[in-house]
Amino acid sequence: MSDAANETSTEVPVCPRHPDRESWVRCQRCGRPACPQCQRPAAVGVQCVDCVAEGNRSVRQARTTFGGAVRGRDTLVTKAVVVVCVAMFAARYVLPADVYYYLPLVNDAGYANSFGAGTWWQPLTSAFLHASLLHLLFNTYALWLTGTYLEPLLGRARFAALYVLSALGGAVGALLLPLTANTSLVGASGAVFGLFGALVVVNRDLGRQTGQVVALVAINFVLGLVISGVSWQAHLGGLVTGLVVASLLVRTRRRGAGVQWGAVAAVAAVGAVVLCLLAYAGARTVV
-1 MSDAANETST
9 EVPVCPRHPD
19 RESWVRCQRC
29 GRPACPQCQR
39 PAAVGVQCVD
49 CVAEGNRSVR
59 QARTTFGGAV
69 RGRDTLVTKA
79 VVVVCVAMFA
89 ARYVLPADVY
99 YYLPLVNDAG
109 YANSFGAGTW
119 WQPLTSAFLH
129 ASLLHLLFNT
139 YALWLTGTYL
149 EPLLGRARFA
159 ALYVLSALGG
169 AVGALLLPLT
179 ANTSLVGASG
189 AVFGLFGALV
199 VVNRDLGRQT
209 GQVVALVAIN
219 FVLGLVISGV
229 SWQAHLGGLV
239 TGLVVASLLV
249 RTRRRGAGVQ
259 WGAVAAVAAV
269 GAVVLCLLAY
279 AGARTVV
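Numbering follows this note's numbering, with no gaps: position 84 of the sequence shown is 82.
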């Protein structure tokens, strides 16, 4: 036997990812040496991390009933919205008065009967501001109940889109319908009513009870009619938007994510155009 053959037969195998380590265990898939750090248990023997990663890429990601990525009971978006609402409410007590006054994103004083061309951000930021502690507690509690149920079913992105579009739909309702004097256009109520509407649509599609949700929506809507300073117009706009967005997500889920997001984008485009037309035209009636 030649010296070259002897050298080859006695060559020490090393891990391709860690050449300084001897690796006498080989990957069952590619046959390359794999050091303990690069070994992953397989049905028979071990595989290297590269083969495991390649195999994972070929596995189709699990999806929820309505097309979102499966993340267990994760409710990151719901938690984030609650945190933002609490932080923006706390700003009035934490920040110096002169600083708070000049921060239009958190100062709710300018949101009474107001959404105009010069305050283009208000239709969205209004959904995170609250007029009182009771207002904040009620809305965040309702958001938590509906969000922790809907977000795992829809997925993070779809749930976030539903919330934002419902908030903007509430702003459209507040601009389009007559307001009573001194109505405060702040609060997550419009977006929450959108979640209520989505809850009805989702439960009907899943064959679950909707009677209690419908009763809850009716009671809260009536309260908005009888309590002064509450914008039932925003509640109605958010509710209608939530019903529309959830219905589109349900009806298009079997046609792929592209169709779903196209439908959501169409709603967003229509809402943005209507908001711009109403705001810049100064369309608002106060009775």
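Backbone N, C-alpha and C define an ideal beta-carbon position, used for all residues, glycine too.
- request: Find out if the Cβ-Cβ distance for the pair P31, W22 is shorter than 9 Å.
  value: yes
Give the range of the alpha helix (DSSP H) segment to which V79 is assigned. 74 to 92
query = How many angstroms separate the CA atom of R24 from the CA atom of G240?
reply = 55 Å
Exercise for the section: Identify whether R27 lies in helix, strand or coil by the three-state DSSP scheme. Expected result: coil
Item to check | R251 (DSSP reduced to helix, strand or coil) | outcome: helix
Tell me the DSSP secondary structure of P14 in three-state form. coil
With distances taken Cα to Cα, identify the nearest neighbour of C83 among V47, V184, E52.
Considering only alpha carbons, the answer is V184.
Rounded to whole angstroms, what's the CA-CA distance from R38 to L221? Just pull it up for me. 59 Å
*asked:* Restricting to Cα atoms, I'd like to know which of L166, V199, P11 is closest to C33.
replied: P11
_For A150 and T76, I'd like the C-alpha separation in whole angstroms._
Residue identity check: residue 150 is Pro in the sequence provided, not Ala. Distance between the alpha carbons of P150 and T76: 10 Å.
Whether Y161 touches A125 by CB criterion (9 Å)
yes
Rounded C-alpha distance that separates L131 from N137 = 10 Å
(Q) Among the candidates Q35, G235, G29, M86, whose CA atom is the shortest distance from the CA of R19? (A) Q35
key: Paired residues, beta bridge with E20 - DSSP   = V12
- Residue burial classification, G269 (beta-carbon count within 10 angstroms, cutoff 16): buried
Does the stretch 204 to 224 come within contact of the stretch 255 to 264, defined as at least 3 CB pairs closer than 8 Å?
no
V198 lies in the alpha helix (DSSP H); which residues open and close that run?
-> Following the DSSP letters along the chain, one finds V198 inside the alpha helix (DSSP H) bounded by residues 187 to 204.
Practice task
Give a yes or no on whether the C-beta atoms belonging to L163 and L197 are separated by under 9 Å.
Solution key: no
Q) Hey, how far is the Cα of V47 from the Cα of C28? A) 11 Å
Q. From A40 to G145, what does the alpha carbon distance come to, in whole angstroms?
A. 38 Å
Is C33 helix, strand or coil when you go by DSSP? coil
Any heavy atom of the ligand HEM closer than 8 Å to the Cβ of K77?
Of the ligands one can find in the structure shown there are none, so the ligand HEM has no counterpart to examine.
- Query: Just curious, the beta strand (DSSP E) that Q45 is in, first and last residue?
  - Reply: 44 to 46
Q: Find the nearest neighbour of V242 within the set V272, G205, L193, judged by alpha-carbon distance.
A: L193
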